[in-house]
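Shown next, in structure tokens, is the structure this report addresses.
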């Protein structure tokens, strides 16, 4: 545990520093805000790839979705804790570079107002999901922990989209293709993920998908509802953005 925490505490800030240094050395005509923000997106993408890979390994290793164990189900959570702390600071750093001429109080106010949902997301992971994953669930459910890890698959596409927006590349084919991939991966790995977990449990217990919610503890349904709610909100925002993008394109072509 302590060694994994230490590695995570070194890896993510170190990767951020390396990305920032490499981008500055590239002599691109970017601002300090661009260097820091893009480095933050790159680190998020790397974390997402690691989490997704860990999740796939866990899922493939657990034929018994309730009792089978895999060491990554616990160790990667310890590795994730430093990332959440780092990412909270990185988001603040991006806001500081963007508003540093407006004063410290303005930076804090903007950071809290514009990142309210992400701050809540990180706090819930650190103070609710980590204790559940590491202690409260006992030795059961590694398969479902792996499923939750795979939700990160959409993050690299979300990050690339934000980088392209920052670089004013919304008119490119890459931006449009990435938008389609973002919607597809987000829907599959953050929305359909929950019916898939219910279906997997039902297959193991000999239950239909519709019977599963009535044959698991009530708090499991409540927890899943809290987990999927922000995903539905974010997916709705992505859909609205896609409609605006392709709607504007259709009007232009006509």
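Residue numbers (full-length UniProt numbering): 1 to 254.
Backbone N, C-alpha and C fix where the C-beta goes; we use that ideal spot for every residue, glycine too.
Predicted, not measured: the structure shown is a model, and the values here were computed from it.
Residue range of the unbroken alpha helix (DSSP H) whose run includes residue 65: DSSP places residue 65 outside any alpha helix (DSSP H), giving it a letter other than H or E.
Grouping DSSP H, G and I as helix and E and B as strand, with all else coil, what is residue 209? It is coil, neither helix nor strand.
Can you round the beta-carbon distance between residue 72 and residue 46 to whole angstroms, since I take them to be within the 8 angstroms contact cut? Actually they do not touch by this definition, with Cβ atoms about 17 angstroms apart.
So for residue 114, helix, strand or coil by DSSP? Note: residue 114 maps to helix in three-state DSSP.
Chain-order list of residues whose beta-carbon lies under 7 angstroms from that of residue 75 (same chain, five-residue window excluded): Its chain contains 4 as the residues whose beta carbon lies nearer than 7 angstroms to that of residue 75, once the 5 sequence neighbours on both sides are disregarded; these appear in chain order.
Tell me where the alpha helix (DSSP H) around residue 19 begins and ends. Here the alpha helix (DSSP H) through residue 19 covers 2-25.
So, are the CB atoms of residue 208 and residue 186 less than 7 angstroms apart? No; because the gap between Cβ atoms is not below 7 angstroms, this pair is not in contact.
Around the C-beta of residue 70, are 16 or more other C-beta atoms found within 10 angstroms, so that it is buried, or is it exposed? By the Cβ neighbour-count rule, residue 70 is buried, with 16 or more other Cβ atoms within 10 Å of its own.
Contact the region 35-43 vs the region 87-99: 3+ CB pairs below 8 angstroms: Cβ pair count under 8 angstroms is three or more, so yes.
Pop quiz: residue 157 and residue 178 are said to be a contact at Cβ under 8 angstroms. What is the actual Cβ separation, rounded to whole angstroms? Indeed they touch by this definition, with Cβ atoms about 6 angstroms apart.
In this structure, does DSSP put residue 169 in helix, strand or coil? Coil, per DSSP.
For residue 215, the three-state DSSP class (helix, strand or coil): The answer is coil: DSSP assigns residue 215 none of H, G, I, E or B.
With 16 other Cβ atoms within 10 Å as the buried cut-off, status of residue 89: The residue is exposed, with fewer than 16 neighbouring Cβ atoms inside 10 Å.
Excluding five sequence neighbours on each side, which residues of the same chain lie with their C-beta closer than 8 angstroms to the C-beta of residue 161? 175, 178, 179, 182.
What residue range does the alpha helix (DSSP H) around residue 74 cover? Segment 72-99, the alpha helix (DSSP H) holding residue 74.
Whose C-beta lies closer than 7 angstroms to the C-beta of residue 115 among residues of the same chain, with five residues either side of it excluded? Within the same chain, Cβ atoms closer than 7 angstroms to the Cβ of residue 115 are found at 91, the five residues on either side in sequence being excluded.
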